[in-house]
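Everything below concerns the one structure shown next.
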Amino acid sequence: MSEYTFSLEPVSVPRVETKHRRIVTPIPVPESIPILKELERYEPRSLHHELPVVWDRAEGYQVFDAYGNCWIDFTSGIFVTNAGHAHPDICRALVEKINHKLLFNYTFASDIRARLVKKLVEISPPPLEKVFLLSTGSEATECALKLTRMHGRRLNPKKIAIVSFDSAFHGRTVGSQTMSGSPAGKEWIVNLDPDIVHLPSPFCQRCPWGKERYEECGKWCFQKGMEQLKSRGLKLDRIAGFMVESYIAWGAIFYPDDYIKALRAWADAHQALVTFDEVQAGFGRTGKLFTFEHYGVAADMVCCGKGISSSLPLSAVLGRADLLDIPSDLSSTHTGNPLCCAAALANIEAIEKERLVAKANKTGKVLKTHLLKIMQRYPDRIHCVLGRGLLYGVHIVNPVTKELDIWLTDRILEKAMQKGLLLVPTGRGTLKLGPPLSIPEEAIIEGAAVIKEAIEECLR
């Protein structure tokens with residue numbers, strides 16, 4: 525959790541009026557404070573670490589409140605609205621489905637679910653050939669955990685170990701949080717599963733092995749990590765599979781290509797599965813339809829969510845037929861909800877029609893150029909800029925210790941909000957950027973300029 529608390533005390537800020545953003549009130553808006561305090565009163569405190577903006581509506585790449593303000597959205601909600609907020613085609617599909625009067629059908633058959641799962645298989649690389657629809661990302665990763673172990677036990681009753689990474693995030697349910705890396709979020713579980721283990725994350729700019737030069741050593745890094753697991757008592761032939769975030773979410777950290785290739789080769793040689801968690805990474809976010817495609821390897825299963833619909837709650841496990849057909853009790857109350865399916869199908873069609881994957885690549889290069897210029901201006905404060913497509917992490921550090929500076933990062937987030945730009949709080953010392961893939965280039969440039977201004981003002 526962040527050490528900085530976003531203030532609910534309204535601050536008079538300079539007026540902003542551009543094509544892309546507008547700030548015409550104190551921030552937070554005085555009239556919005558009762559709403560924020562009411563939410564604090566009736567909801568868990570863990571929900572109240574976001575920027576104090578009361579959303580009224582959102583369209584495309586912009587968020588509006590009810591008081592005349594408009595923000596450029598560099599969050600996509602939380603990497604959900606890849607096609608843009610309230611995309612017209614998605615809205616139209618939802619209205620049509622509502623008027624058709626099918627809002628729920630459990631796992632009974634529906635045409636819209638059949639069309640969606642077929643489409644998902646058509647756009648997925650082999651050997652992904654079946655789909656199980658769920659509601660949340662945590663459900664998807666839990667399902668993959670379950671199927672991985674069931675597959676492993678068919679080979680050997682003791683082949684149940686799951687390997688993840690020590691910086692990973694896979695959800696907030698027991699299994700998904702156990703697979704996640706941070707120990708801080710796991711105290712409540714008490715009896716942690718000893719057969720869910722973690723490799724050191726290959727964050728090259730902060731090498732877990734202390735190497736100062738890290739070019740082309742991904743294979744070595746993977747082998748070193750596996751040796752560490754073995755030294756801690758894990759019999760490697762008990763590994764049923766790997767759960768891999770396609771990038772390490774909090775910092776937009778991508779794995780070295782040769783690391784993932786080495787992992788895939790090891791898994792193939794030892795009858796272990798590789799599942800990529802694409803809940804935050806999929807559907808064009810990083811300039812590929814699926815982020816794991818950057819690594820040039822195949823996936824046995826892929827967990828999807830967020831950007832799958834650009835709107836409503838839907839997740840999916842894509843996988844090999846022999847895995848999804850393992851005798852089990854796969855079902856869920858809202859499996860393939862017709863509204864969510866309609867939104868997802870319209871979303872995928874919009875991503876294809878508008879060539880948003882290619883657009884993310886093109887616009888992302890513009891964003892990267894501007895972020896690197898900011899880093900050059902503040903080399904003692906910005907340790908690195910990482911990312912691909914329209915997903916970037918700007919790592920803010922203390923100039924003396926070079927540790928991530930959570931307090932300054934959140935101060936920058938707050939200052940950017942006051943100027944009409946929304947960024948994602950991570951509580952980890954990174955400015956995380958993920959605008960809708962449909963955002964125009966000039967809004968990207970303007971947003972980057974706001975980040976620069978916010979950093980300048982926070983360092984005065």
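Just so we're aligned: 731 in this note's numbering is position 207 of the sequence shown, and the numbers increase by one with no gaps anywhere.
For each residue, glycine too, the CB sits at the ideal point set by N, CA and C.
Keep in mind the model is a prediction, meaning the values are calculated, not measured.
| query | result |
| --- | --- |
| Three-state class that DSSP yields for L854 in the structure shown | coil |
| Inter-stretch contact at 8 Å, needing at least 3 Cβ pairs: the stretch 622-641 / the stretch 792-801 | no |
| V540 beta carbon less than 8 Å from that of I551 | no |
| contact_flag[the stretch 842-857, the stretch 648-659] where n(CB pairs < 8 Å) is 3 or more | yes |
| Three-state class that DSSP yields for T702 in the structure shown | helix |
| Touching by the beta-carbon criterion (3+ pairs, under 8 Å), the stretch 776-783 and the stretch 817-831 | yes |
| Closest residue to H572 among I547, L813, H611, Y528 (Cα-Cα distance) | Y528 |
| Contacts around E965, its chain only, beta-carbon distance under 6 Å, and the 5 residues preceding and following it disregarded | T887, V890 |
| Minimum C-alpha distance to A940 - residue among A582, A972, S556, N629 | A972 |
| Cross-strand partners of R581 (DSSP beta bridge) | F588 |
| G765, buried or exposed, once every other Cβ within 10 Å from all chains shown has been counted against 16 | buried |
| DSSP state of P916 mapped onto helix, strand, coil | A quick correction: the sequence has Tyr, not Pro, at residue 916. Strand. |
| Test item: CB-CB of K847 and A867 under 8 Å | It is worth fixing the name first, because residue 847 is Leu in this sequence and not Lys. No, these two residues do not count as a Cβ contact at 8 Å. |
| Residue interval of the beta strand (DSSP E) (run including E769) | 763-769 |
| Within 8 Å, strictly: CB atoms of F632 and P576 | no |
| Reduced DSSP category for F689 - H, G, I as helix; E, B as strand; rest coil | strand |
| Sequence-distant residues of the same chain with beta carbon closer than 7 Å to N885, five excluded per side | G811, G913 |
| Whole-angstrom distance between R762 and L854, CA atom to CA atom | 24 Å |
| Cut-off 7 Å between Cβ atoms - residues of its own chain near C828, not counting five sequence neighbours on either side | A664, E802, V803, G806, S839, A840, L842 |
| Coarse secondary structure for L946, derived from DSSP in three states | strand |
| Distance, C741 Cα to K785 Cα | 12 Å |
| Cβ neighbours of L644 in the same chain (closer than 7 Å, five flanking residues each side left out) | V655, A840, L842 |
| Cα-Cα separation, C615 to Q752 | 51 Å |
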